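Below is one structure, written out as C-alpha cells, with a few remarks after it.
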Amino acid sequence: MTSSYLFFLLVLLATAAVVRGDFVFTVIYLFVGAMVAGHWWSGRAMKTVKLRRVFEPRAFLGEDVPVRLEIHNHSLLPVVWVRVHDGLPLELAAHNTVNRVVTLGPRGRAHLEYVLHARKRGFYPIGPLSISSGDLLGLAAPRKREEALDSLTVYPLIVPLTHVNLPSRSPQGTLRHTQPVFEDPTRVLSKRDYVAGDSLRRVDWKASAAVGRLQVKQFEPSIALHTVIFLNLNANEYAWNARLDAAELGIVIAASLANWVTARKQTLGLVSNGLDPLGSLEDSPSGEAEAPLQRLERIPGGKGRGHLMRILDVLARIQPAESVSLVDVLRQESPRLPWGATLVLITGQADEALFDQLFQARRRGQNVVLVIAGRVPGGQEIRQRAQAFGFAVYLFQTESDLDVWRR
Amino acid sequence: MKPLAPWLAIFRRSERWLAFAAHGLVVLMVACVAMVLRQLVERVLPGPDWSFLAVAGLLAAIEAALACRVVRYLPTFGNDALVYRGVEWVVMLIVAKMWLELRSGGLAGLLDNAAQWGVSFLENFFTVEYGVALLVVLLSWGLATIFVLDLQELEGDELIALTRQEEGGRSDRRKVHQRILERFFGVGVAIVVLAGLLGQDRLLFHADTPAGANSQGYVAAYFVLGLALLCLTNFAVLRAAWGYEGVSTPANLTVRWTGHSLVFLGLLLLVALVLPTSYALGFLPTLGVLLDLVAAALLFVVALVLTPVMLLLGWIFSLLQGGGTETEPLPPPKLPEISPALAANGGPSWLEVLRSLVFWGLFLGIILYAVSHYARQNRILADALRRLAGWRWLRETWEWLRSTWGGWHQTARVAWRAGMERLRTARRRVRPEAGGPAGWLHLRRLSPRQRVLFFYLALVRRGDDAGLPRRPGQTPLEYAQSLASGLPPDPPGVEGDLAALTQAFVEARYSRHDVPAEQASRAQRFWERLRQALRRRV
C-alpha cells in the first residue's frame, strides 16, 4: 500500500516541478500529512495503550475464575480502534480466544471480562495477550504488540481427611502420645507429691510452698509428625491402561494428606519424580543436562499454610513422565531424613526392590506408610508382605476409597 | 438457518450508513472532476456556455451509482443487464440532448431543431456542443461506475456472517481497497496535471485567455473527499475481517470512526493550507542561510561563555599594569543575524527565510523518505548501499546523532521531572496546615474548634502584653478571674464576654462533640470587645 502511495507522491512532485503550481504543494502536503500523521498516530497508540490482566492466578478445582482485561489509553490522543486478542486454554474456557475491538477516548479506559472454569488440575498459560491497531486510511499494515503470558494454577482435588493414622516416633511435638518416653517438658500435665528418686529439677517450688510438701511436675508425652510424601509419577511404574487416572489419584491423595498434616501444624515435605513444567528439567548453568536424580521435585519440610500452598503449587503442575524410579529416589533421599520421620509413599506398584528400600528405611528409624494408587494386580500379596515387614499399606482404586481416612 | 449473532445488528446499521456515505463521496468526487473538465472545455472551446457540464457530470454520477445498485445482482453480461444498460444510455443521450436544446432555445427551439434531425440526422443531432457534453457525461458515468463497483465489493457483511456460519467462501477486500486507492490517485494526478496546465496558461490554443481560478479548489476538494473515501473503505475492510473472525465491535465504533476521520481530515486540510507552497530563496541560498544561522548561534554561545573570562583577565592585566593604561571594552556578544533575503511578497525577511526553510525541509524529507522506503523494499539495492564506504560512515554518524539526541532528551526529561518533584516537595513543606506561606494563618481555613482556641490564645497573649500574664499553673477559669480584676470597667459587660470566651475555650478544648460555627463567630465577637478593653488598659 505504501509503495503505490509513494509512487503517486513522486509523480505529484514531478508535476509540481513542471507546472509550478502552489496548489500542487497543498495536495502534496495532504498526501504526506495523511501518511505521516496516520502512521505516527497508530504508532503512538501502540505505545500508549496499556493492558493489564487482573485475575486470581490460583484456583481450586471446580471454581470459576473471573478474568478482567483492563485497557487504558495513557495519551491525550484518542485511539480509534484497537483489537484485543487473548488466547485461552481450551481446558478452562468455552472458546480458545477472546477477541474484541474497542475504541478509546483520550485517557480512556475499557475493560473486558470473561470467566475461566477450573475444570481440571494443571498449570495453564493464559495468553498471549496481544493488541493491534492501524491508521484510519489503511496505508500501512496494522501494528501488533504482545504482552507477557500469565498463568493460572488449578490445584488438585483435596479430599478432607479426618482419621489418618500415620505413625511417628519424633519426640516433643504437638500431638499427644501415650508412650512416656516422649515426655515433653514444656507441657505440664499435673503435679504429685515428691517420691525419693525424682529429679530435683522437676520440683515445683511454688506449688510446694503453697501445699507445704514437695511437689513435682508431671509432663505430657507428645510426638512430632515429621512427614515426607514420596509421590511416584514415573509413568513406567503404573499400569499402562490406567496410567493417567492412577497418577491423578496419587496426586489427589498427596494433596489431601498434605492438607491434613498441615492442618495439624506438623512438618511436611514432598519429593516427587514427576515432570514440573516450570523447572527441574532445565539444563544447569554449566550447559549440561542435569542427572535424573537431580531433577527431582523436592520441597523440604515446613509448616503452615504458606508451605501447604507451595506444595499444592507443585502438585498442581506436576505431570507423570518417564523418570527415575521410586526405588532410586528412596535410596537417595531416605538417608537424609531424620530419625522418626514418617515416609508416605504413593505409587502405582510395589515390587521386591521397593520393599527392600522400605525395610532399610525402617532400620534407620523411619516410619513407612505405603499407598498404592489405582488398580494393581496382586494387591493381597502386597498387603501380606507389608504386614510381614511391619508397615501400613493402603490400596486406593478410586477417590471414594479415601473414606477409610474419613471415618 | 441459525439465528445471526447480536453484533450483526450493529454491522447492518453501520453498513447501510457507510454505503450511503461512500456513494455520496464518489458522486462528489466525480463532480469535482467534472468541474475541472468544464474548465478545460471552456479553455479549449471558448464561446458556448459550458456551465451545465458540471451539473451533467454530477447527474451522470448519481445515475451510475443508482444503476449499479439495480444491476448488482444481475449477471454482468446477461440479457437483463445488457438491456438495462442499453436503455440507460439511450435515455441519457436523449435527456442530454433535450436539456441542451431547451437551454439554448426553449421548447420552440427544440421543436425547430427536432424537425432538422430528420433531414441530416448525424450532422444536426450530434453537434459539437452535444459531443462534448456526451464526453463529459461518459467520463463521469464511467468513473462513478468503476468506483461504485469497487464499493459494492466491500459490502455484504450480513452475507459474510451467514457465509461464516455455513463455512462458505470469502473475498479479499484488502485488494479492493488497494484498487480504490490506485484509481483515486490516478484520477487525482490527472486532474492535478490538468489544473496545473490550466493554471499556468500553457495551452497552445488560447494562451491569452485568463487562467482558471477555481479548478485548484476543486482539485483540493477531490483529494479531501478521496481521503475520506479511503477512511470509509478501510473501515469496511476491517469490519469484514472482524466479521469473518467473529470479533465483536462496540456499537459506537461507526460514529467514532466517522467523527475521528472528519476531525483528522479537517486538521490535515488546515495544516496543508497553512504550510508554505512557494519559496523566496532557492535551495542552495536557503542552505547557506541555515549554515550562517547555525554558525552565528555557535559563535554567540562561545562569546557568551568567554566574555566574563575575558573581562576578568582584562581586569587582572589592568591591575598588573598599574591601572594607568586604558583598555578597550570588550564588545558584547551579538545575536545571530541573517543576511538580507529576497522578500518575494514584501513580507519581513525572517518570515520568507522561515517559509523557504520549511518548504525545502519538507521537500527534502519527502525525497529522503521515498528513497529510504524504496531501498528498504529492494534488498539488493539496500545491500549494495551498505557496502559503500561512505554509507557506513553516514550510518555511524546518524546512529551517533540519534544516541546523543536520545541521551540529551532523556537527561532533560529526568532533570525536568526531578525539578518538578523538588518544587512539589518544597510547596508541601512550606505550606502549613492552615494553608498559605509560612507564618501566615488563614482563619477561614480553620475549623470552628480551632478558631475558638485561636481567639482564646490571642486573648492570653494580649493579656500578657497588657501586664496580666497567665501563670503556668492557672486553669482557664482561674485566669479569667485574675484577668477580670485588671480589666477596665468600660464598656459594661466585658466581664461577661471574658467568662463566655473562657467557657467556649474550655468546651472546644476538652469536649468531643462538634463545635458549631456560630460559637466560633460569638467567640470572635467576645475577643474583639476584650481586645478593645485591653488596649484601653495599656
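These protein sequence lines map, in sequence, to chains D and L.
Numbered according to our numbering, the first sequence terminates at residue 929, and the numbering increases by one at each position without gaps.
Numbered according to our numbering, the second sequence terminates at residue 607, and the numbering increases by one at each position without gaps.
Every residue, glycine too, gets a C-beta built ideally from N, C-alpha and C.
Owing to the predicted nature of the structure, the values given are computational and were not obtained by experimental measurement.
Asked: Which value, in whole angstroms, describes the spacing of the CA atoms of arginine 665(D) and leucine 362(L)?; Found: 40 Å
Asked: Give me the Cα-Cα distance between glycine 565(L) and leucine 515(L), rounded to the nearest whole angstrom.; Found: 26 Å
Asked: Look at alanine 777(D) and isoleucine 868(D) and say whether their C-beta atoms are less than 8 Å apart.; Found: no
Asked: In whole angstroms, what is the alpha-carbon distance linking alanine 662(D) and histidine 561(D)?; Found: 7 Å
Asked: Hey, does arginine 622(D) have any beta-carbon neighbour from chain L nearer than 8 Å?; Found: yes
Asked: What in chain B is Cβ-close to phenylalanine 545(D), meaning under 9 Å?; Found: Going by chain labels, chain B is absent from the structure shown, which instead holds the protein chains D and L.
Asked: Check whether the stretch 825 to 840 of chain D and the stretch 851 to 870 of chain D are in contact - that is, three or more C-beta pairs closer than 8 Å.; Found: no
Asked: So, at 7 Å on beta carbons, what are the nonlocal neighbours of arginine 608(D) in its own chain, with the 5 sequence-adjacent residues on each side left out?; Found: Reading the sequence as shown, one finds aspartate at residue 608(D) and not arginine. These residues qualify, in order along the chain: Leu591, Thr619, Val620, Gly649 and Leu651.
Asked: For glycine 416(L), decide whether its Cβ has a neighbour in chain D, counting only Cβ atoms nearer than 8 Å.; Found: Only weak support is given to the placement of glycine 416(L): the predicted model assigns it a pLDDT of 46, under 50, and the value that follows is read from those uncertain coordinates. Answer no: the Cβ-Cβ gap between glycine 416(L) and chain D never drops below 8 Å.
Asked: With DSSP run on the structure shown, which of helix, strand or coil describes valine 620(D)?; Found: strand
Asked: Give the interface partners of arginine 325(L) over in chain D, defined as CB-CB distance under 9 Å, in chain order.; Found: Pro600, Val602, Trp603, Thr625 and Gly627
Asked: With H, G and I counted as helix, E and B as strand and the rest as coil, what does DSSP make of aspartate 873(D)?; Found: coil
Asked: Take phenylalanine 292(L) as the anchor and find which of Leu338(L), Val245(L) and Thr318(L) has the nearest alpha-carbon.; Found: Leu338(L)
Asked: Which residues, in order along the stretch 527 to 543 of chain D, keep a beta-carbon less than 9 Å from a beta-carbon of chain L?; Found: Tyr527, Leu528, Phe529, Phe530, Leu531, Leu532, Val533, Leu534, Leu535, Thr537, Ala538, Val540, Val541, Arg542 and Gly543
Asked: Consider the Cβ of tryptophan 429(L): report whether some Cβ of chain D lies at a distance smaller than 8 Å.; Found: no
Asked: Which residues share a DSSP beta bridge with tyrosine 516(D)?; Found: Nothing about residue 516(D) can be read from this structure; chain D reaches only from 523 to 929.
Asked: At the level of alpha carbons, what is the spacing between alanine 364(L) and valine 371(L)?; Found: 11 Å
Asked: Would a check of beta-carbon distances place glycine 555(D) closer than 8 Å to chain L?; Found: yes
Asked: Go ahead and label phenylalanine 428(L) buried or exposed: buried means 16 or more other beta carbons lie within 10 angstroms of its beta carbon, across all protein chains shown.; Found: buried
Asked: Which residues mark the beginning and the end of the alpha helix (DSSP H) in which isoleucine 449(L) is found?; Found: 448 to 456
Asked: At the 8 Å Cβ level, is serine 120(L) part of the contact set with chain D, yes or no?; Found: no
Asked: How is tyrosine 548(L) classed by DSSP in three states: helix, strand or coil?; Found: helix
Asked: So, does the CB of glycine 660(D) fall closer than 8 Å to a CB anywhere in chain L?; Found: yes
Asked: So which residues on chain L does leucine 651(D) lean against when the C-beta distance must stay under 7 Å?; Found: None at all; the shortest Cβ gap to chain L is about 15 Å.
Asked: Using the C-alpha atoms, what's the distance from glutamate 222(L) back to leucine 296(L)?; Found: 19 Å
Asked: Please say whether leucine 790(D) and isoleucine 833(D) have beta carbons closer to each other than 8 Å?; Found: yes
Asked: Would the stretch 119 to 126 of chain L count as touching the stretch 100 to 107 of chain L if we require 3 or more Cβ pairs under 8 Å?; Found: yes
Asked: Beta carbon of valine 846(D), beta carbon of asparagine 795(D): below 8 Å?; Found: yes
Asked: Could you pull the DSSP bridge partners for histidine 633(D) from this structure?; Found: Glu592(D)
Asked: Got a sec: is the Cβ-Cβ distance from glutamate 421(L) to anything in chain D below 8 Å?; Found: no
Asked: Is there a Cβ from chain D that is less than 8 Å from the Cβ of alanine 527(L)?; Found: no
Asked: What does tyrosine 153(L) pair with, by DSSP beta-bridge criteria?; Found: In DSSP, tyrosine 153(L) forms no bridge with anything.
Asked: What residues of chain D sit near valine 306(L), judged by a beta carbon separation below 7 Å?; Found: Gly660
Asked: Run through the stretch 730 to 800 of chain D for me and flag every whole alpha helix (DSSP H) of 4 or more residues, listed as ranges in chain order.; Found: 765 to 785
Asked: Please name the residue, chosen from Ser580(L), Tyr579(L) and Ser551(L), that lies closest to leucine 567(L) on a Cα-to-Cα basis.; Found: Ser551(L)
Asked: Assign aspartate 534(L) to one of two classes, buried (16 or more other C-beta atoms within 10 Å of its C-beta) or exposed (fewer than that).; Found: exposed
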